[in-house]
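Protein sequences, first through last, are from chains A and B.
Residue numbers for the first sequence follow the numbering used here, so the first one is 326 and each next one is one higher.
Residue numbers for the second sequence follow the numbering used here, so the first one is 882 and each next one is one higher.
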Amino acid sequence: MSGGQYGRFGGQYVPEALMPAIDELTDAYQRYVLENEAGFMDDLAERLETFGGRPTPLQYADQLSDRYDIDVYLKREDLLHGGAHKLNNALGQVLLARYMGKERIIAETGAGQHGTATTMACAHLGMPCEVYMGRRDVNRQRPNVFRMRLNGASVTPVDIGRGTLKEAISETMRDWAGSVETTHYVIGSVVGPHPYPDLVREFQSVIGSEARDQCLEKLGELPDAVVACAGGGSNAMGTYDAFLEDESVDLYAVEAGGDSLEIDREAGVAPNSATLSTGTEGVLHGSRTKVLQDDDGQIMESHSVSSGLDYAGVGPELAHLAEEGRLAATPVDDEAALAAFHRLSQLEGIIPALETAHAFGFLEERGDDLGDTAVITVSGRGDKDLESVIEESFKRDLPEAPDLSLFTTDQGGR
Amino acid sequence: MGVDAIRAAFEDGAAFIPYLAAGDPGGDLSNSTPESAMAATADYVSALVDAGADVVELGLPFSEPIADGPTIQSATVRALQAGMTPPRYLELVESLDVDVPIVAMTYYNPIYRYGERDGVGPFVEAAAAAGVDGLIIPDLPVEESAPLERACREHDVALIFIAAPTTREDRLRAIMQRGTGYLYVQARLGTTGASRSVSDQTKHTLDRIAAYEASERHARLPKAVGFGISTGEQAATVVGAGADGVIVGSALVDIVAEGEDVVASLEELGRELKAGARAGFDRRTQ
Chain A
326 MSGGQYGRFG
336 GQYVPEALMP
346 AIDELTDAYQ
356 RYVLENEAGF
366 MDDLAERLET
376 FGGRPTPLQY
386 ADQLSDRYDI
396 DVYLKREDLL
406 HGGAHKLNNA
416 LGQVLLARYM
426 GKERIIAETG
436 AGQHGTATTM
446 ACAHLGMPCE
456 VYMGRRDVNR
466 QRPNVFRMRL
476 NGASVTPVDI
486 GRGTLKEAIS
496 ETMRDWAGSV
506 ETTHYVIGSV
516 VGPHPYPDLV
526 REFQSVIGSE
536 ARDQCLEKLG
546 ELPDAVVACA
556 GGGSNAMGTY
566 DAFLEDESVD
576 LYAVEAGGDS
586 LEIDREAGVA
596 PNSATLSTGT
606 EGVLHGSRTK
616 VLQDDDGQIM
626 ESHSVSSGLD
636 YAGVGPELAH
646 LAEEGRLAAT
656 PVDDEAALAA
666 FHRLSQLEGI
676 IPALETAHAF
686 GFLEERGDDL
696 GDTAVITVSG
706 RGDKDLESVI
716 EESFKRDLPE
726 APDLSLFTTD
736 QGGR
Chain B
882 MGVDAIRAAF
892 EDGAAFIPYL
902 AAGDPGGDLS
912 NSTPESAMAA
922 TADYVSALVD
932 AGADVVELGL
942 PFSEPIADGP
952 TIQSATVRAL
962 QAGMTPPRYL
972 ELVESLDVDV
982 PIVAMTYYNP
992 IYRYGERDGV
1002 GPFVEAAAAA
1012 GVDGLIIPDL
1022 PVEESAPLER
1032 ACREHDVALI
1042 FIAAPTTRED
1052 RLRAIMQRGT
1062 GYLYVQARLG
1072 TTGASRSVSD
1082 QTKHTLDRIA
1092 AYEASERHAR
1102 LPKAVGFGIS
1112 TGEQAATVVG
1122 AGADGVIVGS
1132 ALVDIVAEGE
1142 DVVASLEELG
1152 RELKAGARAG
1162 FDRRTQ
C-alpha cells in the first residue's frame, strides 16, 4: 500500500514511468518541507513575505456583518501577489523544484490563476515554464493568458474534450511522462497522486494558520464557522488545516452548483462541479477520491460559470473529511454566485473571483445559522472574470448587477 | 487459456502483439452503431491473427487516457462516441473466434466501477468468463495493485506490468515478482504513438532487465517491447536487442482511422511486423 491515504481516499494511481519522480518528490517533500533541510522553509517564508506580500490581513467586513447580523471576517488572499491564494503553492513548488535540481516547470491551469502564479514564480526564480490550458478556458480567461505570456511562459491550448481543467491536467501528465527526468510538474490543487495532496496542503496551510492566529489576536477566540469555496480544494484545505483539531469550529466547503445538480448520464454531462455533494468514489488523475462519473466509470464533463471550480474531481483529503462529517459541503449555483459577486463588489468594495463568489453566495443563503463569528477566505480577486461576469449578468438580466448596457458593444445581442 | 496460454504464445521467441481500440469504428462515425463497430473490431482481430499475431491487446476506452498519445486518444474518443461500454467490450471478446490469448488494456477506474459493487473483483470475474486472458492497467503501479493481483490470481488472468526507462532496480524487482504473463517494456519515455526510430533507451532497458534476470534465477518473464514500434525493421531491431516480442498499437490504429481497405492493410502490416520480429530473433540466435 502506498502512502498518502486519507481513509479510503488518496493513493498513487499513475504510470510506472512517473513513479520514480513521484518517489523523488516524496523524499524532497519530507526533507525540505517537513524537516526544513537547507533552510528551505525559511527561504520560502522570506520570499512569500517580500515577493508575495504575506501575511495577508484578516479584515472585519462591516456591511456583511450588518446584513447577516454576525461578525464576518475576510481572509484576504486576493491581496497576495497575483491576486489569488495560488502563489502560496506555486512559489513553494517551483522553489522546491529548484532545490531538487529540476530544469523545467510544467503546470496545468483552469481559471489561469494557478498558471499565472506559476509563471510569476518561474520568472522570479529563473525557471523555464510551460502551461497547459483547455481551449475553452483560454477563451474565457484571456487576461490571465496574457499575464502568463508576459511573464515569459509558453501557454499551450488543449483541444481535447470540453477544453477545461480536466483535459489540461491529463495533457500535463502526458508531457510529464516524456520529460520527467528534468521537469517538475507543479499541480495547482490538493489533487493528484501522493505526495501532491499533502504537499499542496502544506504550502497552502499558511492561509489557515495565519487566520487562526489573527482570530486569537483580534477576537481572543476562535470563530464558529470557517467558509471556503472548493473546486479541487486547495484554498479550502489550506484554510481548514489549522482548524481541523478545533472541534468547536464548523467547516464549510462551498462547491459549484452550476446550472443544476441533475446529471445527464446519457450525455455524460454533469451541469455542475459539486463533486463532494453529488460525486461517487472513483480514481481520477492519480488518486482515489469522489468524482463525477457515469455508471461505466467514464468521467463526466463538469460545468461551472467559474473556470477554477470547473473540475470533475476533488482533493482526496476533502473527500475523506466530508465523509467523516468534519466538513459540510454545500453547492451554490451559477446564478447565486454571480449575484454574490455583485453584492461583495457593491457592499465591501471587493471584486471577488467568481470562484470566491460562491462562498459569499453560501453566506447569503446560510448567514443566519453560522453562529456568532464566521471567517471566509477571499481566495482571489475578480479582475480576470470581468468579461464573463458582464456577459453572464447581461444574459441573465441579474437584478443585483449594475446597468452595464451603456458600455456593452452589442446591446441585447447576446 | 489464461496465464499459461499467454506464456505459451511466446514459445517461438518472437511474438507479435497487435493493439486495437475495441469498438473504434474508424474515421466515419456517421453510419456506425455499437454493433457495427464491434463487428468491425472482430474482423480486424481476425485479420491480425491471420497475419501471425500471437496475443491480441484490446483497449477498453476510458475518458481520461493519460498514458496515450494523440493516435490512441482519438481512437478512444471514436470508440466512446460509437457506444463502447465495459459490458459491450466483454460481449465483443466473447464473440471473437480466434485461438490466441486476449489481453484487455484499460485504466483503473472503469474496472473499479464495473458491476454492482465497488472493487475490481466483478470485472475480473466477468472478463475471465468472457475470455480475457490478461490485463494491462497503465495507471496502476505496484503500490496500488494488491487487490487486482488477488482477483487475477483467483480467476487465472495474467496481470501484466509495465517497466519504463525510468524504472530502477528496486522497482524492477517488485514488478518482476508480481507480474504474470509477460513484462511490457516501455521502449521510450512519453505516451503511446508511432515514432521514426527505436531509441537507445530500449536497448538499455532490455539490458538492465537481462542483468536483473541473470542475478535472480526465479524472476523470468517474456519481455514484449511497446511504444513507438511501427515497422518490420523496428520489430527486428527490438527483438534483435533481446526482446521476446513486439507490441504495436498506434500504427495499426492509424489504419483503422483512415478507413481504407482496413482488413487488407492490417493484414499486410501485420505480416511485415511478424516477419520482422522473426528476422530479429534469427539475427540474435545465429
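C-beta: ideal position from N, C-alpha, C; glycine also.
Just so you know, these numbers come straight off a predicted model, no measurement behind them.
- Under DSSP, the beta-bridge partners assigned to Met986 (chain B) are B:Gly940, B:Ile1017.
- Nearest to Pro522 (chain A) by alpha-carbon distance, out of A:Leu343, A:Asn469, A:Gly640, is A:Gly640.
- Residues of the region 927-944 of chain B whose Cβ lies closer than 9 Å to any Cβ of chain A, in chain order: Pro942, Phe943, Ser944.
- Under the Cβ criterion (8 Å, minimum of three pairs), the region 670-685 of chain A does not count as touching the region 600-612 of chain A.
- Identification of residues in the region 333-348 of chain A having a C-beta nearer than 9 Å to some C-beta of chain B yields Gly336, Gln337, Tyr338, Val339, Pro340, Glu341, Ala342, Leu343, Met344, Pro345, Ala346, Ile347, Asp348, given in sequence order.
- With respect to the 8 Å criterion, Thr444 (chain A) and Met425 (chain A) are not classified as neighbours on the basis of their beta carbons.
- Under the 8 Å criterion on CB atoms, Ile947 (chain B) is classed as interfacial with respect to chain A.
- Straight across, the Cα-Cα distance linking Leu672 (chain A) with Thr381 (chain A) is about 21 Å.
- Below 8 Å, enough C-beta pairs join the region 451-471 of chain A and the region 491-500 of chain A to call them touching: three or more.
- For Arg994 (chain B), a Cβ of chain A is located within less than 8 Å of the residue's own Cβ.
- The straight-line gap separating the alpha-carbon atoms of Tyr995 (chain B) and Ile624 (chain A) is approximately 14 Å.
- Annotation for Arg401 (chain A): the continuous beta strand (DSSP E) segment containing it runs 396-401.
- Within the region 449-478 of chain A, not one residue has a Cβ closer than 8 Å to any Cβ of chain B.
- Between Gly611 (chain A) and Gly513 (chain A) a beta carbon distance of about 14 Å is seen, past the 8 Å cut, so the two are scored as non-contacting.
- Per DSSP, the unbroken beta strand (DSSP E) holding Lys615 (chain A) starts and ends at 612-616.
- For Pro345 (chain A), same chain residues with a beta-carbon under 7 Å away, outside a window of 5 residues either side, do not exist.
- Beta-bridge analysis with DSSP links His509 (chain A) to A:Ile430.
- Those residues of the region 495-512 of chain A placed with their C-beta closer than 8 Å to a C-beta in chain B are Ser495, Met498, Arg499, Ala502, Gly503, Ser504, Val505, Glu506, ordered along the chain.
- Only residues of its own chain outside the window of five on either side were considered, and among them Glu660, Leu663 have a CB closer than 8 Å to the CB of Arg721 (chain A), listed in chain order.
- Taken in chain order, the complete alpha helix (DSSP H) segments of 4 or more residues contained in the region 343-386 of chain A are 344-353, 365-372.
- Flagged as an interface residue toward chain B: Glu606 (chain A), by a C-beta distance shorter than 8 Å.
- Among the residues of the region 1054-1081 of chain B, those with a Cβ less than 7 Å away from any Cβ of chain A are Gln1067, Leu1070, Gly1071, Thr1072, in the order of the chain.
- Bridge partners of Ser479 (chain A) according to DSSP: A:Glu455.
- Only those residues of the region 1008-1025 of chain B whose C-beta falls short of 7 Å from the nearest C-beta of chain A are listed: Pro1019, Asp1020, Leu1021, Pro1022, Glu1024, Glu1025.
- Neighbours of Leu961 (chain B) in chain A, taken as residues at a C-beta separation under 8 Å, are given in chain order as Gln623.
- The Cβ atoms of Leu475 (chain A) and Asn413 (chain A) lie no closer than 8 Å to each other.
- Rounded to the nearest angstrom, the Cβ distance from Val515 (chain A) to Ser559 (chain A) is 5 Å, consistent with a contact under 8 Å.
- His1085 (chain B) is classed as exposed because its beta carbon has fewer than 16 other beta carbons within 10 Å across all chains shown.
- Contact annotation for Pro982 (chain B) against chain A: no contact, minimum CB-CB distance about 22 Å [criterion: below 9 Å].
- Sequence-distant partners of Leu634 (chain A) (beyond 5 residues in either direction) whose C-beta falls short of 6 Å from its own C-beta, in its chain, are Gly556, Ala581, Ser598, Glu680.
- Pairing Pro656 (chain A) with Thr614 (chain A), the inter-Cα distance amounts to about 18 Å.
- Secondary structure at Asp949 (chain B): coil, using DSSP grouped into helix, strand and coil.
- A Cβ-Cβ distance of about 5 Å is found for the pair Val1038 (chain B) and Ala1009 (chain B), placing them in contact under the 8 Å criterion.
- Here DSSP, grouped into helix, strand and coil, assigns Pro468 (chain A) to helix.
- Contact with chain B is found for Leu609 (chain A), since one of that chain's Cβ atoms lies less than 8 Å from the residue's Cβ.
- The beta carbons of Ala578 (chain A) and Ala561 (chain A) sit closer together than 8 Å.
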